[in-house]
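S.K.: Protein chains in written order, with my numbering: chain A, 6 to 144; chain B, 6 to 144; chain C, 6 to 144; chain D, 6 to 144.
Heads up, the beta-carbon is just placed ideally off N, CA and C, and yes, glycines get one too.
#1: Please check if any C-beta of chain A sits within less than 7 Å of the C-beta of residue 91 of chain D.
#2: Counting only C-beta atoms, is residue 84 of chain B closer than 7 Å to chain C at any point?
#3: With 16 as the cutoff for other CB atoms within 10 Å, does residue 107 of chain A come out buried or exposed?
#4: What whole-angstrom Cβ distance do residue 57 of chain A and residue 64 of chain B have, given they're in contact under 8 Å?
#5: If you measure from the beta carbon of residue 30 of chain A to each beta carbon in chain B, is any gap under 7 Å?
#6: Can you give the Cα-Cα distance for residue 40 of chain D and residue 29 of chain D, rounded to whole angstroms?
#7: Using a C-beta cutoff of 7 Å, does residue 127 of chain B count as contacting chain A?
#8: Interface residues of chain C around residue 95 of chain B at Cβ under 9 Å?
#9: Give me the chain B residues within the contact set of residue 137 of chain A, using Cβ-Cβ distance strictly less than 7 Å, ordered along the chain.
#10: Quick check: is the beta carbon of residue 88 of chain C nearer than 7 Å to any beta carbon in chain D?
#11: Using a Cβ-Cβ cutoff of less than 6 Å, which residues in the same chain neighbour residue 117 of chain B once the five nearest sequence positions on both sides are dropped?
#12: Mind checking whether residue 137 of chain D and residue 113 of chain D have CB atoms under 7 Å apart?
#13: Under the three-state reduction of DSSP, which class applies to residue 142 of chain D: helix, strand or coil?
#14: Say whether chain C places a C-beta atom closer than 7 Å to the C-beta of residue 152 of chain B.
#15: When you compare only the Cα positions, how much space is there between residue 19 of chain A and residue 121 of chain B?
#16: If we require 3 or more residues per run, which beta strand (DSSP E) segments fall completely within the stretch 29-95 of chain D?
#17: Determine the direct distance from the alpha carbon of residue 38 of chain A to that of residue 33 of chain C, and round the result to whole angstroms.
#18: Could you give the distance in angstroms between the alpha-carbon of residue 10 of chain A and the alpha-carbon of residue 13 of chain D?
#19: Would you mind working out which of C:17, C:68, C:96 sits nearest residue 133 of chain C, comparing C-alpha positions?
#20: Would you verify that the beta carbon of residue 57 of chain C is, or is not, closer than 7 Å to some beta carbon of chain D?
#21: Would you mind reading off the limits of the beta strand (DSSP E) that contains residue 115 of chain A?
#22: Using the C-alpha atoms, what's the distance from residue 77 of chain D back to residue 143 of chain D?
#23: What residue range does the alpha helix (DSSP H) around residue 11 of chain D cover?
#24: Where DSSP assigns a beta bridge to residue 100 of chain D, which residues make up the other side?
#25: Return the CA-CA distance between residue 128 of chain C and residue 109 of chain B, expressed in angstroms with no decimal places.
#26: Could you tell me which chain A residues have their CB closer than 8 Å to the CB of residue 132 of chain D, listed as they occur along the chain?
#27: When DSSP builds the beta bridges, which residues end up paired with residue 108 of chain B?
#28: Using 8 Å for Cβ pairs, my map puts residue 86 of chain C next to residue 60 of chain D. What's the rounded Cβ distance?
#29: How is residue 129 of chain A classed by DSSP in three states: helix, strand or coil?
#30: Taking only beta carbons into account, state which residues of the stretch 57-79 of chain C come closer than 7 Å to chain D, listed in chain order.
#31: Can you have a look at residue 73 of chain D and say buried or exposed, based on whether 16 or more other CB atoms are within 10 angstroms of its CB?
#32: Smallest Cα separation from residue 70 of chain A: which of A:42, A:139, A:31, A:119?
#33: Starting from residue 114 of chain C, find everything on chain B with Cβ-Cβ shorter than 8 Å and list it in chain order.
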């Protein structure tokens, strides 16, 4: 199965997760870049973007990377995620850069660096593992 | 500072996170139980409750546990979270049981078992670390 | 394949890892208890037992738990391990209690609580994932 | 306190951990490279280098990186470590490349890529967090 480009991944995600969209800006087989728009409603006490917002972004970036690498596998599921919150995000878009550490037949592992748009230092770093279903189960 | 009971924690969370609520059902200094209501809008492809929903629940359960142990520290922030997704959740409420592994002066570590309501086997397990700000910074 | 008892697991480990031994004291299909003897040569600056000693113990406890659950699978390999160091261990034996969180066909996940012998509070907590090879690959 | 170079770090480690040595080959304030020599006695069933060997290497590389960044802090201790084993290592030296993700006053977070010497693909990836003691406690 051929990998997908950013437009195709965003198209899929827009249908699968109405209202959230994909936000994929670059998509290569070993690296994707995703953006989520700054939304003041996601702020928590202290003015910080919520942890779950960043966890969801890391999770989605790795999902997109698997699509970029091997094509549409909607039933790929997260098996584990480890995130370290490093710095308070700025009131700005968040940019996630995800690279593939291992793409096996049944497991894929990637790491994700999350930065506020325009910043050099990361505000979070995650390692995400997905289970890839046997091809016969994919539509 | 004295620990808070479930009602007091839910009251705080309802104000701090309008629309999400607290869901704390039991609160002791070393263990809390939180519930989130089943909401079909959170389903992802395959009919599974989303990973971010469970990550947010684990994060919130540990936040509540810190309040239960030492009182209101709104500026406590997650420093790391590791979650393993173990089984597909049922179409039911999720129940998180969080216990304190370490409560230090500046760091608290807990683990969280997440089950579908009525099930014995967990659908996810998380370890969550919070940084606790010096008391003078808390309101 | 039938699960193994503590003696059988220790016998296997003594042959597979000469010089280290097994240290399995209890073995049930969903829980094992392992001990490592206190050895002053493992101390690091500050008089603390080394982190790698505890990581190795957590890893071995989960390996033993898989044997206790499904029998001898020497080629089971660790795919991930997350450990939180909680308290400075005492100058005493370390006791690891490992319980099964999920035993799937290809992945097993367990968590491990490590305590100094005689202490109630844990000095470390780990989550360990193993990949279980297809049975035809096992001797 | 000034950061240390590779020779100074190896000198410290050779005294602190007799018999294991430092193995630091490059040391900058935001990146170190460490090597451990291939030693057939560390093999486990299946001919693989043991997990604890790689966990110990990741832990040591982050310890060295803190020394490279801020100088000698022997009482810095690991607070958490997450490692993903990605590929079976070759029968060769292991090379760990550790970069700083965050250097705070009390916590430092880094990630470590471990490769077999001469290989491009990593055999393990780790995220390591250290607690840095207040300076008055350091010698």
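M.R.: Reading it off the structure:
#1: yes
#2: The C-beta of residue 84 of chain B comes no closer than 7 Å to any C-beta of chain C.
#3: buried
#4: 6 Å
#5: no
#6: 6 Å
#7: The beta carbon of residue 127 of chain B sits no closer than 7 Å to any beta carbon of chain A.
#8: Near residue 95 of chain B there are no residues of chain C at all, since even the closest Cβ is about 16 Å away, more than 9 Å.
#9: Simply none; closest approach about 13 Å.
#10: yes
#11: 63, 66, 101, 103, 131
#12: yes
#13: Low confidence applies here, because residue 142 of chain D scores a pLDDT of 46, under 50, leaving its location unreliable; read the following figure in that light. Three-state DSSP puts residue 142 of chain D in a helix.
#14: In the structure as shown, chain B starts at 6 and stops at 144, and residue 152 of chain B therefore has no counterpart that could be examined.
#15: 28 Å
#16: 29-33, 36-41, 82-90
#17: 46 Å
#18: Going by the C-alpha atoms only, they are around 48 Å apart.
#19: C:68
#20: True, the Cβ-Cβ gap to chain D drops below 7 Å.
#21: 112-121
#22: Because residue 143 of chain D sits at a pLDDT of 44, beneath the cut-off of 50, its placement in the model cannot be relied upon, and the point is left open.
#23: It spans 11-21 - the alpha helix (DSSP H) in which residue 11 of chain D sits, taken as one unbroken run.
#24: D:40, D:120
#25: 13 Å
#26: 87, 89, 130, 132
#27: Listed as beta-bridge partners of residue 108 of chain B by DSSP are B:113.
#28: Contact between residue 86 of chain C and residue 60 of chain D holds: their C-beta atoms lie close to 7 Å from each other, under 8 Å.
#29: strand
#30: 57, 60, 61, 64, 79
#31: buried
#32: Of the listed residues, the one whose Cα sits closest to residue 70 of chain A is A:31.
#33: 89, 91, 130
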